[in-house]
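A short worksheet on the structure shown next.
Number of protein chains: 2
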Amino acid sequence: MAPDRNRRRIPDATVSRLPVYLRILGEQADLGVDSISSEGLAELAGVNAAKVRKDLSYLGSYGTRGVGYDVGYLVYQIRRELGLTHDWPVVIVGAGNLGQALAGYGGFGERGFPVAGIVDIDESKVGSVLGGTRVRHIDELPQLVQTKRVNIGVIATPAVAAQDAADRLVKAGVTSILNFAPVVLSVPRAIEVRKVDLAVELQILSYHEQRKAGGAIHAVPGANGRPVSA
Amino acid sequence: MAPDRNRRRIPDATVSRLPVYLRILGEQADLGVDSISSEGLAELAGVNAAKVRKDLSYLGSYGTRGVGYDVGYLVYQIRRELGLTHDWPVVIVGAGNLGQALAGYGGFGERGFPVAGIVDIDESKVGSVLGGTRVRHIDELPQLVQTKRVNIGVIATPAVAAQDAADRLVKAGVTSILNFAPVVLSVPRAIEVRKVDLAVELQILSYHEQRKAGGAIHAVPGANGRPVSA
DNA sequence: CTGGCTTTGTGAACGTGTGCACGAGTGCCT
DNA sequence: AGGCACTCGTGCACACGTTCACAAAGCCAG
Chain C
1250 MAPDRNRRRI
1260 PDATVSRLPV
1270 YLRILGEQAD
1280 LGVDSISSEG
1290 LAELAGVNAA
1300 KVRKDLSYLG
1310 SYGTRGVGYD
1320 VGYLVYQIRR
1330 ELGLTHDWPV
1340 VIVGAGNLGQ
1350 ALAGYGGFGE
1360 RGFPVAGIVD
1370 IDESKVGSVL
1380 GGTRVRHIDE
1390 LPQLVQTKRV
1400 NIGVIATPAV
1410 AAQDAADRLV
1420 KAGVTSILNF
1430 APVVLSVPRA
1440 IEVRKVDLAV
1450 ELQILSYHEQ
1460 RKAGGAIHAV
1470 PGANGRPVSA
Chain E
1250 MAPDRNRRRI
1260 PDATVSRLPV
1270 YLRILGEQAD
1280 LGVDSISSEG
1290 LAELAGVNAA
1300 KVRKDLSYLG
1310 SYGTRGVGYD
1320 VGYLVYQIRR
1330 ELGLTHDWPV
1340 VIVGAGNLGQ
1350 ALAGYGGFGE
1360 RGFPVAGIVD
1370 IDESKVGSVL
1380 GGTRVRHIDE
1390 LPQLVQTKRV
1400 NIGVIATPAV
1410 AAQDAADRLV
1420 KAGVTSILNF
1430 APVVLSVPRA
1440 IEVRKVDLAV
1450 ELQILSYHEQ
1460 RKAGGAIHAV
1470 PGANGRPVSA
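Respectively, the protein sequence lines represent chains C and E. Quick note: the first sequence uses the numbering used here, first residue 1250, plus one each step. Quick note: the second sequence uses the numbering used here, first residue 1250, plus one each step.
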C-alpha cells in the first residue's frame, strides 16, 4: 500500500454524486446507523452498488471488506474531499423573487453556505431585509466579497442583467458562480460556473411527455398519423 | 406506423441542449437574424460546432449546406420535438418560500408552462394568493390535475414532505415531476423525475474551490490510511 | 486455527458522449 | 456554365461513464 496514493482527480460524475451520498449518510448517522454497505447506500441513493463502491474508492479505501463502510468516517472523508470542513459564504446578486426565496430559505446556512450578503442594482430594493440580511447596492459588492472572503456568487437576476452580474462578481474576486439566469455566461476559464435553468428542466420533461403521448395524443381524436404542417 | 417515427430516439445529452439552442434561436429571431451557422450557434451556446450539427441532425436534415440553418424553421422543429407546440400546465406542491417564488416568477407561463395551481398541506396557507393563483389544499390535487389536464408536477416542499407529495402527484395522474427537495424520490418506473438540488450544486462548486486552494494548502498530517483497529 | 460467509475494490467489457476530419451539397461570382 | 468558397451531415476514433464479475480481505463460528 502506498502511503498516499494519487487520490486527486475525481471524475465529474462522481463529484456530482458525493453530495447525495453525504446527505444520506448524515441522515443515517442521525438515525443511529453506524455502518452501511455499498448496496444499502446504493439503494438509498437510487444508484448501482458498483457505482457507489467505485465512487467511494476515489476517496481512498475507507471500507471494510465483509462489513461495509463506517458512516461517521465516510461522512468525514466526503466532507473533506468536497471542501466542506469549513463554511463557504455566498453572495446573492439580485433581490427579486428568486433572490428573496434563496435568502429566505434557511437551508443554505445549515449546509455550510451562509448568505454573506444580497445585492441589487435597484435602489428601491436596497435597505429592505430578507432572511435576516439587508439588501445592499451592487456597488458594495467588491467590498462585501473582500471583507467576508466570499468565493461563491449566486446570480438570481433577470436574464438581461446576468452577464453584468457575472462580470461584477468576477471583478470583485469571486471564483465560482451558480447561475439561475437563462443565459450562457462568458467568464474567464478559471471561473467555475454551474447553471440551474428551470425552463430547461421543464422542457426536458416536456420532451418525455410528448414522447409518451407520441403515438396517441388525446387531444387529437380521429387524427391518424402525424399532424400535417401548414 | 409511419416510418418517420424511426428517426426518434434522441440522446439524453442532446435533449438537454435543445432547450438552450431554442432559447438562443428565439433571441436571434427577435434580433432579426433569419439564418445561422452551426458555428455561430455553437459560440452563443458555448459548445462545439460539431456537437451542434450532430445534435440538430437528430431532428432531421434541416440545415442548408453552404448556408446554415433557417432560424425560424429550426425554432419550429425544436419546439415540435420538445413537445412545445402547446402549453403544459404545471401544478406546484408546496407554498413555502420556493413555491411562492416559483409562482411569482412569471417565466413559467411565458415559456409554455402556466401554473395551473398551487397546493399546500398547511390549512393556514390555503386561500392566500400567489402570482395570481390561489393556494388550495392538497386534497384538491386530484381534481385540479384532472380538470386542468396537468401532466407535470413541481415539488417545492421541505424534504420530509417530498415523498408524500410525489405519491400524491402520481396518484393524481401526473407523469413527470420536477423535484426541488433534497431527497431521492421513489416513484413508478414510468414517471419521469428530474431533480434540482441547490445544495448539491453549491457543494460541487465547493469541491472545485477546495481543489483550487488545495494545491497550496496541502497541510494534512497523517493522511495515509485509516487507523488499523478501531 | 480453519472454513465459510460477506462485502469491498477493481480489471475488463460495454455503452454513451465528444470532437475531428472530410465528403457532399449549395449558392455566389466570374 | 463552371469553378470556388462555404457549411452541413456523418464516419471514426477517442474519452468518459457505467456495470459486471470476481479475487482479495476481513469477520465469525466452532
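Ideal Cβ positions, reconstructed from N, Cα and C, are used throughout, including at glycine.
Where residue i falls: helix, strand or coil (DSSP)
i: residue 1322(C); result: helix
i: residue 1369(C); result: strand
i: residue 1440(E); result: coil
i: residue 1293(C); result: helix
i: residue 1425(E); result: strand
i: residue 1259(C); result: coil
i: residue 1284(E); result: strand
i: residue 1348(E); result: helix
i: residue 1449(E); result: helix
i: residue 1264(E); result: helix
i: residue 1355(C); result: coil
i: residue 1364(E); result: strand
i: residue 1419(E); result: helix
i: residue 1309(C); result: coil
i: residue 1340(E); result: strand
i: residue 1275(E); result: helix
Euclidean distance between Cα positions of residue i and residue j
i: residue 1277(C); j: residue 1301(E); result: 44 angstroms
i: residue 1266(E); j: residue 1327(E); result: 11 angstroms
i: residue 1406(E); j: residue 1345(E); result: 7 angstroms
i: residue 1381(C); j: residue 1360(C); result: 17 angstroms
i: residue 1400(C); j: residue 1324(C); result: 24 angstroms
i: residue 1370(E); j: residue 1341(E); result: 12 angstroms
i: residue 1454(E); j: residue 1415(C); result: 15 angstroms
i: residue 1352(C); j: residue 1364(C); result: 7 angstroms
i: residue 1425(C); j: residue 1456(C); result: 31 angstroms
i: residue 1293(C); j: residue 1339(C); result: 30 angstroms
i: residue 1384(C); j: residue 1460(C); result: 45 angstroms
i: residue 1418(E); j: residue 1395(C); result: 46 angstroms
i: residue 1462(E); j: residue 1332(C); result: 10 angstroms
i: residue 1448(E); j: residue 1397(C); result: 20 angstroms
i: residue 1257(C); j: residue 1264(C); result: 12 angstroms
i: residue 1413(E); j: residue 1282(E); result: 48 angstroms
i: residue 1446(C); j: residue 1446(E); result: 12 angstroms
i: residue 1420(C); j: residue 1376(E); result: 45 angstroms
i: residue 1434(C); j: residue 1297(E); result: 16 angstroms
i: residue 1450(C); j: residue 1358(E); result: 14 angstroms
i: residue 1274(E); j: residue 1441(C); result: 26 angstroms
i: residue 1350(E); j: residue 1374(E); result: 15 angstroms
i: residue 1299(C); j: residue 1314(C); result: 14 angstroms
i: residue 1366(C); j: residue 1366(E); result: 33 angstroms
i: residue 1372(E); j: residue 1392(C); result: 44 angstroms
i: residue 1355(C); j: residue 1354(E); result: 20 angstroms
i: residue 1458(C); j: residue 1439(C); result: 38 angstroms
Same chain, Cβ closer than 6 angstroms to residue i, five either side skipped, listed in chain order
i: residue 1259(E); result: 1307
i: residue 1427(E); result: 1403, 1443
i: residue 1408(E); result: 1430, 1431, 1432
i: residue 1422(C); result: 1394
i: residue 1330(C); result: 1308
i: residue 1368(E); result: 1342, 1385, 1387, 1390
Residue i burial status per 10 Å Cβ neighbour count (16 or more: buried)
i: residue 1348(C); result: buried
i: residue 1437(C); result: exposed
i: residue 1262(C); result: exposed
i: residue 1388(E); result: exposed
i: residue 1279(C); result: exposed
i: residue 1452(E); result: buried
i: residue 1303(C); result: exposed
i: residue 1479(E); result: At residue 1479(E), the pLDDT of 29 sits below 50, so the modelled position is not reliable and the matter cannot be decided from this model.
i: residue 1316(E); result: exposed
i: residue 1378(C); result: exposed
i: residue 1272(C); result: buried
i: residue 1252(C); result: Only weak support is given to the placement of residue 1252(C): the predicted model assigns it a pLDDT of 36, under 50, and the value that follows is read from those uncertain coordinates. It counts as exposed.
Contact test: residue i Cβ vs the ligand NAP heavy atom, cutoff 6 angstroms
i: residue 1305(C); result: As presented, the structure is devoid of all ligands, the ligand NAP included, so that no description of it is given.
Own chain partners of residue i with C-beta closer than 7 angstroms, once the 5 adjacent residues on each side are dropped
i: residue 1269(C); result: 1294
i: residue 1411(E); result: 1404, 1428, 1430, 1432, 1434
Residues near residue i in its chain [Cβ-Cβ closer than 8 angstroms; skip 5 each side]
i: residue 1318(E); result: 1284, 1285, 1286, 1287, 1290, 1305, 1311, 1312
i: residue 1362(C); result: 1336, 1337, 1338, 1339, 1401
i: residue 1322(C); result: 1311
i: residue 1320(E); result: 1274, 1277, 1278, 1282, 1283, 1284, 1285
task = Pick out the complete alpha helix (DSSP H) segments inside the stretch 1373-1411 of chain E, 4 residues or longer, and give them in chain order.
result = Counting only runs of 4 or more, we get 1390-1396.
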